[in-house]
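Asker:
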Amino acid sequence: MLSTRGKLSACSIAIALILLQFSLLSNGASSTNEGDRTAWFREAKFGMFIHWGIYSVLGRGEWVMYHERIAVEEYEKLVRRFNPINYNPYEWVALAKEAGMKYIIITSKHHDGFCMFSSVFTNYDCMSTPARRDFIRELVEACHKAGMRIGFYYSLLDWHHPHYAPRPKWVIDPPWHTRNFNYYLEYMFAQIRELCTRYGKIDCIWFDGGWHHSADEWRSEELIKMIRKLQPRALVNNRARLPGDFDTPEQRVPPAPPRRVGGKWRLWETCMTINRSWGYNARDQNYKSVRQLIQTLVDIVSKGGNFLLNVGPKPDGTIQREFVVRLRQMGAWLRKNGEAIYGAQPSPFRKTPFGRCTMKGNKLYLHVFDWITEPLVLSGLKNRVVRAYLLRDGTPVPVRQEGDEVTIEPIAIVPDPYDTIIVLELIGEPQVETAIQQASDGSITLHARDAEVHGTNARYEFGDGKDNIGYWTNPEDYVTWEFIVREPATFSVEITYACDKGVGGSEYLVKVGKQTLSGVVKDTGSWTKFVTEKLGTLMLDKGRYTLTVRPIRMPHFAVMNLKQVILKPKP
28 MLSTRGKLSA CSIAIALILL QFSLLSNGAS STNEGDRTAW FREAKFGMFI HWGIYSVLGR
88 GEWVMYHERI AVEEYEKLVR RFNPINYNPY EWVALAKEAG MKYIIITSKH HDGFCMFSSV
148 FTNYDCMSTP ARRDFIRELV EACHKAGMRI GFYYSLLDWH HPHYAPRPKW VIDPPWHTRN
208 FNYYLEYMFA QIRELCTRYG KIDCIWFDGG WHHSADEWRS EELIKMIRKL QPRALVNNRA
268 RLPGDFDTPE QRVPPAPPRR VGGKWRLWET CMTINRSWGY NARDQNYKSV RQLIQTLVDI
328 VSKGGNFLLN VGPKPDGTIQ REFVVRLRQM GAWLRKNGEA IYGAQPSPFR KTPFGRCTMK
388 GNKLYLHVFD WITEPLVLSG LKNRVVRAYL LRDGTPVPVR QEGDEVTIEP IAIVPDPYDT
448 IIVLELIGEP QVETAIQQAS DGSITLHARD AEVHGTNARY EFGDGKDNIG YWTNPEDYVT
508 WEFIVREPAT FSVEITYACD KGVGGSEYLV KVGKQTLSGV VKDTGSWTKF VTEKLGTLML
568 DKGRYTLTVR PIRMPHFAVM NLKQVILKPK P
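The numbers in my numbering rise by one with no breaks, and the one at position 155 of the sequence shown is 182.
Rendered as structure tokens:
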């Protein structure tokens, strides 16, 4: 069996060297402003994710060891079969640049525990393959020479390490073996030190697989503190069970930008596959179209996020043609339209039925997915429009403006097959009315995704049956919405929420101006089983209002998952 402590002769020397590097870097590390650290990430918008490991030999995805219950000793045989003779990291970096990508994240260790870097703490690494090459070092060098930013994915979960717990059910330990999770943590910390000290400047540590343990059990605060000392400017994602620098929705795009305290945009990055597999899967032919990939990129940027698009190289080190073709076509589109993507800010509009919107400086970029045959109307823009034109070639587009309503007339063109971009040049930076408006039936719907979240823990969450304010574990946290009443009325107030069994009983207030309603959260059976309750009525005249939902008592560990509040005019 390949040992996780295999290079014993070098261990003491290596540990001493690493500790020395740790000390030098710690003493030399200066405090780094968060905005400075994250500036490149906000600008980049588009990156390449690489899932590559010995699992590619089987060609059935990166979870093949788990799904097929392959014994550790049997799986280890893949190490001798992994010989990527065609691996050329400079070609990978060139492809990423051609695709318009600004950074690369590669798997240094996935859940199978195999290390794609040379580690002194295990023989289960790249140096035990026939290639005897440090695949990570070679890619880092190629990135540094090309000016490409580079980060390391590292799985906290490890199916191979004898002291990781819990072990997969099919892994049978010898009867004399006693697991000690602290031994695994020592191993994990040592390897993160290696990654942070042996490869020069790195830009990100991208954790994964932390679901078995809490932040305290992972010693996550200590881990991130160590990374901050060793690589002061590196970003850390949110998968070590702490918020980190950015969120990482997987295979999906949030319906609205995640927010944090004070209304600032929280950094986030959607990671997604081109087909349905992360690691190389010879049978997966479910490829997304170029149109779908470009519109996904635009959707993400319009909500303030980054797009980390995955490739799973083959065992010989090449990237399959289907991926290459799509990436090159995305790059060709970005070379013409990148102004509306790189460094762009999220849309100031709540809804853009024509497609999406991004903005930068004094310009709005209207991403029209299907070219208009009727006038395109934008409401709520307070700036005066100086001119309108197509981004691709500067062709003028007819536009008229009445008050805060802008109307763009259709023109006869051959539209871009993916996204035709109209630029609105304004006087000053865009200012848009963002308060929620009354619907045509007089109702006002306050969605969780539109809420302003105040406090330390509560935040918007989505996916897996959720579209709500969750993690409401601090009774001091509260949420607000700003809305406008055009037609005065007496409104019936309805609240939709979910609460797990045994967690109900929290009391809360709904306040608008001097009017207050109260409610008590009931158990609904789960955090995703939502119910709607009527709270009472509010009398509102024409004007601008703020509605607040605030807990006043939380007898258990959470308040509720709040989906929406609806104000319905009474007949």
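Glycine is no exception: its CB is placed at the ideal position from the N, C-alpha and C atoms.
Taking the continuous beta strand (DSSP E) assigned at W292, which residues delimit it?
Answerer: On the sequence shown, position 265 is the one that residue 292 refers to. Unbroken run through W292: none, as it is neither H nor E.
Asker: Check whether the region 480-489 and the region 461-468 touch, using three or more Cβ-Cβ pairs below 8 angstroms as the test.
Answerer: With a cut-off of 8 angstroms, the region 461-468 and the region 480-489 do not count as touching, because too few Cβ pairs lie within range.
Asker: Once you ignore the five residues that flank V424 on each side, which residues in its own chain have a CB closer than 8 angstroms to its CB?
Answerer: For the purposes of this step, residue 424 is taken as residue 397 along the sequence shown, with counting starting at 1. Cβ within range, chain order: A415, Y416, L417, I435, E436, I438, I449.
Asker: I'd like to check one pair, T507 with K590: are the Cβ atoms closer than 8 angstroms?
Answerer: The residue given as residue 590 occupies position 563 in the sequence shown. The residue given as residue 507 occupies position 480 in the sequence shown. The answer is no: Cβ separation not under 8 angstroms.
Asker: Among R419, R108, K409, E401, which has the Cα closest to the Cα of Y392?
Answerer: As a first step, residue 392 must be located in the sequence shown, where it is residue number 365. The candidate whose alpha carbon is nearest that of Y392 is R419.
Asker: Determine the burial state of G455: buried for a count of at least 16 other Cβ atoms within 10 Å of its Cβ, exposed for fewer.
Answerer: As a position in the sequence shown, residue 455 is number 428, starting the count at 1. By the 10 Å Cβ count, G455 comes out exposed.
Asker: Between S374 and the rest of its own chain, which residues show a CB-CB distance below 8 angstroms, the 5 nearest in sequence each way excluded?
Answerer: If you number the sequence shown from 1, residue 374 lands on position 347. Taken in chain order, the residues that qualify are S329, K330, R383, C384, T385, M386.
Asker: Should A367 be labelled buried (16 or more other beta-carbon atoms within 10 Å of its own) or exposed?
Answerer: By 1-based counting over the sequence shown, the position of residue 367 is 340. The residue is buried, with at least 16 neighbouring Cβ atoms inside 10 Å.
Asker: Quick one: what's got a C-beta closer than 6 angstroms to A126's C-beta in the same chain, skipping five residues either side?
Answerer: As a first step, residue 126 must be located in the sequence shown, where it is residue number 99. Result list for A126: L354, M357, G358, in chain order.
Asker: So, at 6 angstroms on beta carbons, what are the nonlocal neighbours of G271 in its own chain, with the 5 sequence-adjacent residues on each side left out?
Answerer: Looking up residue 271 in the sequence shown gives position 244. Closer than 6 angstroms at the Cβ level, and outside the excluded window around G271, lie V263, N264, N265.
Asker: Just verifying my parser: in three-state terms, what is the DSSP assignment at N588?
Answerer: In the sequence shown, the residue the question calls residue 588 occupies position 561. DSSP places N588 in strand when its eight states are reduced to three.
Asker: DSSP on W618, reduced to helix/strand/coil?
Answerer: There is simply no residue 618 to check, as the chain begins at 28 and stops at 598 in what is shown.
Asker: Quick one: what's got a C-beta closer than 8 angstroms to E514's C-beta in the same chain, skipping five residues either side?
Answerer: If you number the sequence shown from 1, residue 514 lands on position 487. Closer than 8 angstroms at the Cβ level, and outside the excluded window around E514, lie Q465, G469, K569, P596.
Asker: Please classify M566: is it buried, with 16 or more other beta-carbons within 10 angstroms of its beta-carbon, or exposed?
Answerer: Counting from 1 along the sequence shown, the entry for residue 566 is found at position 539. Per the 10 Å Cβ criterion, exposed.
Asker: Taking 8 angstroms as the limit between beta carbons, can you name the residues of its chain near Q372, skipping five residues before and five after?
Answerer: If you number the sequence shown from 1, residue 372 lands on position 345. G331, T385, M386, K387, listed in sequence order.
Asker: According to DSSP, what are the bridge partners of D274?
Answerer: Residue mapping note: residue 274 aligns to position 247 of the sequence shown, counting from 1. DSSP output for D274 lists W295 as bridge partner(s).
Asker: So what does DSSP say about H481, is it helix, strand or coil?
Answerer: Position 454 of the sequence shown holds residue 481. Here H481 sits in strand by DSSP.
Asker: On the premise that K136 lies in contact with M143, defined as a C-beta separation below 8 angstroms, what is that separation, rounded to the nearest angstrom?
Answerer: Residue mapping note: residue 143 aligns to position 116 of the sequence shown, counting from 1. Residue mapping note: residue 136 aligns to position 109 of the sequence shown, counting from 1. Indeed they touch by this definition, with Cβ atoms about 7 angstroms apart.
Asker: Identify the residues that DSSP records as bridge partners of Q542: which are they?
Answerer: Here the question's residue 542 lines up with position 515 in the sequence shown. According to DSSP, which records beta bridges pairwise, Q542 is partnered with V539.
Asker: Quick one: does R159 have its CB under 8 angstroms from some CB of chain D?
Answerer: Included in the structure is just one protein chain, with no chain D present.
Asker: Would you report the Cα separation of V351 and F162, rounded to the nearest angstrom?
Answerer: Here residue 351 refers to the residue found at position 324 of the sequence shown. Here residue 162 refers to the residue found at position 135 of the sequence shown. V351 and F162: Cα-Cα distance of roughly 20 angstroms.
Asker: So, is V404 buried or exposed, given that buried needs 16 or more other C-beta atoms within 10 angstroms?
Answerer: On the sequence shown, position 377 is the one that residue 404 refers to. Classification for V404: exposed.
Asker: Does DSSP classify Y307 as helix, strand or coil?
Answerer: Looking up residue 307 in the sequence shown gives position 280. Coil.
Asker: Does DSSP put W233 in a helix, in a strand, or in coil?
Answerer: Locating residue 233 in the sequence shown gives position 206, where the first residue counts as 1. The answer is strand: DSSP assigns W233 an E or B state.
Asker: Please classify W79: does DSSP put it in a helix, a strand, or coil?
Answerer: Sequence index remark: in the sequence shown, residue 79 carries index 52 (1-based). Residue state, collapsed to three classes: coil.
Asker: Would you mind reading off the limits of the beta strand (DSSP E) that contains W508?
Answerer: Sequence index remark: in the sequence shown, residue 508 carries index 481 (1-based). Counting along the chain, the beta strand (DSSP E) containing W508 begins and ends at 505-512.
Asker: Got a sec, what are the start and stop residues for the alpha helix (DSSP H) R383 sits in?
Answerer: Numbered from 1 along the sequence shown, position 356 holds the residue referred to as residue 383. Looking at the DSSP string, R383 is not in any alpha helix (DSSP H); the run it does join, the beta strand (DSSP E), is 382-387.
Asker: State the CB to CB distance for the pair F68 and L361, rounded to an integer number of angstroms; the pair is presumed to be in contact (CB under 8 angstroms).
Answerer: Residue numbering aside, residue 68 sits at position 41 when the sequence shown is read from its first letter. Residue numbering aside, residue 361 sits at position 334 when the sequence shown is read from its first letter. Contact flag wrong, Cβ pair sits at about 17 angstroms.
Asker: On the premise that L324 lies in contact with C298, defined as a C-beta separation below 8 angstroms, what is that separation, rounded to the nearest angstrom?
Answerer: For the purposes of this step, residue 298 is identified with residue 271 of the sequence shown, where counting begins at 1. For the purposes of this step, residue 324 is identified with residue 297 of the sequence shown, where counting begins at 1. In fact, because the Cβ distance is near 13 angstroms, the residues do not count as touching under 8 angstroms.
Asker: For K556, which of R176, I229, C526 has the nearest alpha-carbon?
Answerer: Along the sequence shown, one-based indexing puts residue 556 at 529. Taking only the C-alpha atoms, the option nearest K556 is C526.
Asker: Classify F584: buried if its beta carbon has 16 or more other beta carbons within 10 angstroms, exposed otherwise.
Answerer: For the purposes of this step, residue 584 is taken as residue 557 along the sequence shown, with counting starting at 1. So F584 ends up on the exposed side.
Asker: When the Cα atoms are used, what is the spatial distance from A158 to A123?
Answerer: Your numbering for residue 158 matches position 131 in the sequence shown. Your numbering for residue 123 matches position 96 in the sequence shown. Distance between the alpha carbons of A158 and A123: 24 angstroms.
Asker: Can you tell me where the alpha helix (DSSP H) with I454 in it begins and where it stops?
Answerer: Here residue 454 refers to the residue found at position 427 when the sequence shown is read from its first residue. Per DSSP, I454 belongs to no alpha helix (DSSP H) and is neither H nor E.
Asker: Apply the 10 Å Cβ neighbour rule to L47 and answer buried if 16 or more other Cβ atoms are within range, or exposed otherwise.
Answerer: Taking the first residue of the sequence shown as 1, we reach residue 47 at position 20. Model confidence at L47 stands at a pLDDT of 38, short of 50, so the residue's coordinates are unreliable; what they give is reported in the following sentence. L47 is exposed by the Cβ-count criterion.
Asker: Out of curiosity, what's the CA-to-CA distance linking F216 and I251?
Answerer: The count along the sequence shown starts at 1 and reaches residue 216 at position 189. The count along the sequence shown starts at 1 and reaches residue 251 at position 224. Cα to Cα, the separation comes out at about 10 angstroms.
Asker: Label P402 either buried or exposed according to how many other C-beta atoms from any shown protein chain fall within 10 Å of its C-beta, with 16 as the threshold for buried.
Answerer: As a first step, residue 402 is located in the sequence shown; it is residue number 375 there, counting from the start. That one is exposed.
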